[in-house]
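Only one structure is covered here, and it is reproduced in the block below.
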């Protein structure tokens, strides 16, 4: 499409809004969908873990693909189509192998979306406006999740649990429209590739000594990756386990309760992400990571002790505070650590691999703990790696530079 009908700002806002519900496929609704199909928690955890591992193996290559291609719109289009195809496949998948295959396709598409969105943002707004724009991206993303969850709640009265599939399809159409209605052009492509819109050489550009190996062996990136792995080992399974617990003890419609949980968390993330974007140039950005990790152990303990549905509200508010801050902090820290290397998306994808390892193992850890020891032990067990993440985040404070927005390299 040659015409441009959305500005860069409006296009990025719309894209992040619509991709919010597309990125993870059914997300937390998958566990509820399978639980209502009479899958036990351990089996649900296993299929989510295997699918996640298959997807996380693609995170590093996905980032490298974005760096190499210089066409974030194109790779985002392919990723969106893959996620939708895998999700539709779940409607017709009833045995373990079919569900697993669909989850693998969804995970691969999701692996591309993270670095693709960061690359597209840098291509369209440039280095100086990236921190504040990343905060707005996350705010629109969480707003999209809230809207999608509200649509799921409304649609369940008509279609039942299949509502999540219809909503995802609608959001995918909106995402594809936003992708191809926003500006592109050679200037944006050059900027995303690490070059200015003009022919001048960007300040801080470095040479071939910045190899892939030198970037991926950066101790700061390794520490960040381990911290994120521990964070998601404790965090990823909490919401699906809450849904499974509600389905198991019969506390109302679990699909609607899951939608309510998503709404509370995502609504909290909107102002939190905007605040994190504002604070990114005022404080050491590692403190944003510390703040995100600090709330997770508290959330795990509260989820373990609070069984009544009303307690889900503070549990999910804590989730919103942690995830809302993390979504802004991680791309900024990776950009800071990879300044001038031309490997930002590759590094971001590699960090996401560590993050994905934790998230994938979380489903199995939570499912096995719940099956063997009960729901309370499962949530308390998930709080343990969260404490490790907090300790690692504190150690990063002394290693992360306090940078202004302009110090994020254009060569990403």
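Residue numbers (this note's numbering): 2 to 413. Every residue, glycine too, gets a C-beta built ideally from N, C-alpha and C. Bear in mind that the values here come from a model prediction, so they are computed numbers and not experimental data.
Buried or exposed (CB count within 10 angstroms, at least 16 for buried), residue i
i: residue 326; result: buried
i: residue 161; result: exposed
i: residue 250; result: exposed
i: residue 39; result: exposed
i: residue 279; result: exposed
i: residue 84; result: buried
i: residue 110; result: buried
i: residue 18; result: buried
i: residue 370; result: buried
i: residue 124; result: buried
i: residue 93; result: exposed
i: residue 36; result: buried
i: residue 166; result: buried
Own chain partners of residue i with C-beta closer than 6 Å, once the 5 adjacent residues on each side are dropped
i: residue 200; result: Because residue 200 carries a pLDDT of 43, less than 50, the predicted location of this residue cannot be relied on, and the following value inherits that uncertainty. Hits under 6 Å: none found.
i: residue 89; result: none
i: residue 15; result: 179
i: residue 346; result: 64, 67, 68, 116 and 120
i: residue 323; result: 293, 296 and 297
i: residue 275; result: 136 and 140
i: residue 302; result: 384
i: residue 391; result: 294 and 295
i: residue 377; result: 305
i: residue 228; result: 390, 393 and 394
Local conformation of residue i per DSSP, three classes
i: residue 343; result: coil
i: residue 368; result: helix
i: residue 98; result: helix
i: residue 161; result: helix
i: residue 399; result: coil
i: residue 294; result: helix
i: residue 351; result: helix
i: residue 40; result: coil
i: residue 322; result: helix
i: residue 156; result: helix
i: residue 138; result: helix
i: residue 375; result: coil
i: residue 337; result: helix
i: residue 81; result: helix
i: residue 17; result: helix
i: residue 309; result: coil
i: residue 129; result: coil
i: residue 122; result: helix
i: residue 146; result: helix
i: residue 285; result: coil
i: residue 70; result: helix
i: residue 28; result: coil
i: residue 280; result: helix
i: residue 10; result: helix
i: residue 58; result: coil
i: residue 116; result: helix
7 Å Cβ shell around residue i - same chain, five flanking residues per side excluded
i: residue 202; result: Caution is warranted here: a pLDDT of 37 is assigned to residue 202, below 50, making its placement in the model unreliable, and the coordinate value is therefore given only provisionally. Nothing listed; no residue qualifies.
i: residue 126; result: 9 and 134
i: residue 208; result: Confidence at residue 208 is low in this model, with a pLDDT of 43, below 50, so the placement of that residue is unreliable and no value is reported for it.
i: residue 259; result: 29, 30, 33 and 244
i: residue 76; result: 66, 67, 70, 113 and 117
i: residue 149; result: 21, 22, 168 and 172
i: residue 286; result: 330, 333, 334, 337 and 401
i: residue 73; result: 67, 117, 120, 121, 124 and 193
i: residue 379; result: 242, 367, 370 and 371
i: residue 59; result: 109 and 112
i: residue 360; result: 53, 233 and 237
i: residue 55; result: 105 and 108
Residue i versus the options, residue with shortest Cα-Cα distance
i: residue 101; options: 249, 76 and 45; result: 45
i: residue 21; options: 140, 41, 129 and 106; result: 140
i: residue 423; options: 329, 166, 30 and 230; result: This structure cannot settle anything about residue 423, because the visible part of the chain is limited to 2 through 413.
i: residue 220; options: 292, 359, 32 and 334; result: 334
i: residue 25; options: 348, 142 and 311; result: 142
i: residue 182; options: 149, 13, 41 and 136; result: 13
i: residue 293; options: 341, 11 and 232; result: 232
i: residue 52; options: 97, 391 and 137; result: 97
i: residue 215; options: 169, 343 and 129; result: 343
i: residue 299; options: 103, 284, 381 and 74; result: 381
i: residue 288; options: 41, 132, 330 and 47; result: 330
i: residue 235; options: 366, 80 and 271; result: 366
i: residue 308; options: 145, 248 and 267; result: 248
i: residue 374; options: 56, 146 and 305; result: 305
i: residue 155; options: 269, 387 and 264; result: 264
i: residue 433; options: 283, 170 and 42; result: Any property of residue 433 remains undetermined from this structure, which presents the chain solely from 2 to 413.
i: residue 11; options: 218, 227, 277 and 138; result: 138
i: residue 319; options: 239, 132 and 174; result: 239
Cutoff 8 Å; reference residue i; Cβ partners in own chain excluding five residues on either side
i: residue 224; result: 393, 396, 397 and 400
i: residue 152; result: 164, 168 and 171
i: residue 351; result: 60, 61, 64, 217, 222 and 226
Margin query: Just to confirm the assignment: which complete alpha helix (DSSP H) runs, minimum length 4, are found wholly within the region 236 to 278?
Written below: Taken in chain order, the complete alpha helix (DSSP H) segments of 4 or more residues contained in the region 236 to 278 are 239 to 250.
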